[in-house]
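**Student:** I am attaching a structure below and will ask some questions about it afterwards.
Numbering (this note's numbering), first residue to last: 31 to 246.
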């Protein structure tokens, strides 16, 4: 389900240009909040290219890469979180005093897991709301809305068939794309499981329609 929600989310805002430095750093984030820095050790250029090709499925999350040392190695650190799923992923999320998360991991899947976790910290309600949109359930959970806006939205997205298209496309994607999207959703769900619906921040705090997502 994350596939269609992330695709739809990309329609909300312009995307930043995507570039990659020789060092292999990949900056992933949202235009209004700055970048998420994914640091890999070691990183080969061929591996970085492969990552960018697969993670382009999450187009709403991609921005630019840079060699700016001040960004890659922030001196001011406000907080550090260990995000983990036993036996599968381990990522360290360091936030600068400006709140920008820097994710350090030993492999791609763990780094993307950390990115999903950090995105949950910063934008949980945004994606949760997108899940309602692309599954045509806004009116079911939020009521008809002003001037039946939620009903209109549900009919419109149902006619587009984003959910059905995403489910049909999923088996066609590469194994690497499956692993990366699964890692992202595992990170997102890991943050939700640790935090709990009642402790979320934003408009979806305590909402009965907040639920874990799947990669499909």
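All C-beta atoms, glycine included, are put in the ideal place defined by N, C-alpha and C. Being a predicted model, the structure only gives us computed values, none of them experimental.
#1: Which word fits residue 160, buried or exposed, when buried means at least 16 other C-beta atoms lie within 10 angstroms of its C-beta?
#2: Would you call the CB atoms of residue 169 and residue 181 closer than 8 Å?
#3: Tell me the rounded alpha-carbon separation between residue 96 and residue 176.
#4: Quickly, what does DSSP pair residue 119 with across the bridge? List them, please.
#5: Just to check my reading of the structure: residue 163 and residue 183 have Cβ atoms closer than 8 Å, yes? What is that Cβ distance to the nearest angstrom?
#6: Grouping DSSP H, G and I as helix and E and B as strand, with all else coil, what is residue 131?
#7: For residue 155, which residues in the same chain have their Cβ closer than 6 Å to its Cβ, ignoring the five residues on either side in sequence?
#8: Smallest Cα separation from residue 210: which of 226, 118, 179?
#9: Which residue from 146, 237, 174 puts its Cα closest to that of residue 120?
**Tutor:** This is what the structure gives:
#1: What you label residue 160 is simply residue 130 of the chain shown in a count that begins at 1. Residue 160 comes out buried.
#2: The residue you call residue 169 lines up with position 139 of the chain shown. The residue you call residue 181 lines up with position 151 of the chain shown. For residue 169 and residue 181, yes; Cβs fall inside 8 Å.
#3: Along the chain shown, read from residue 1 onward, the residue named residue 96 stands at position 66. Along the chain shown, read from residue 1 onward, the residue named residue 176 stands at position 146. With a pLDDT of 30 at residue 96, under the threshold of 50, the predicted position of this residue should be treated as unreliable, though the coordinate-derived value follows. Distance between the alpha carbons of residue 96 and residue 176 is about 44 Å.
#4: Position 89 of the chain shown, counted from the start, is the residue given in the question as residue 119. Its beta-bridge partners are 115.
#5: The residue given as residue 163 occupies position 133 in the chain shown. The residue given as residue 183 occupies position 153 in the chain shown. That pair is a contact at about 6 Å.
#6: For this step, residue 131 is matched to residue 101 along the chain shown. Strand, per DSSP.
#7: Here residue 155 refers to the residue found at position 125 when the chain shown is read from its first residue. Correct list, in chain order: 232, 233, 234.
#8: If you number the chain shown from 1, residue 210 lands on position 180. Minimum Cα distance to residue 210 is reached at 118.
#9: Your numbering for residue 120 matches position 90 in the chain shown. With distances taken between Cα atoms, residue 120 lies closest to 146.
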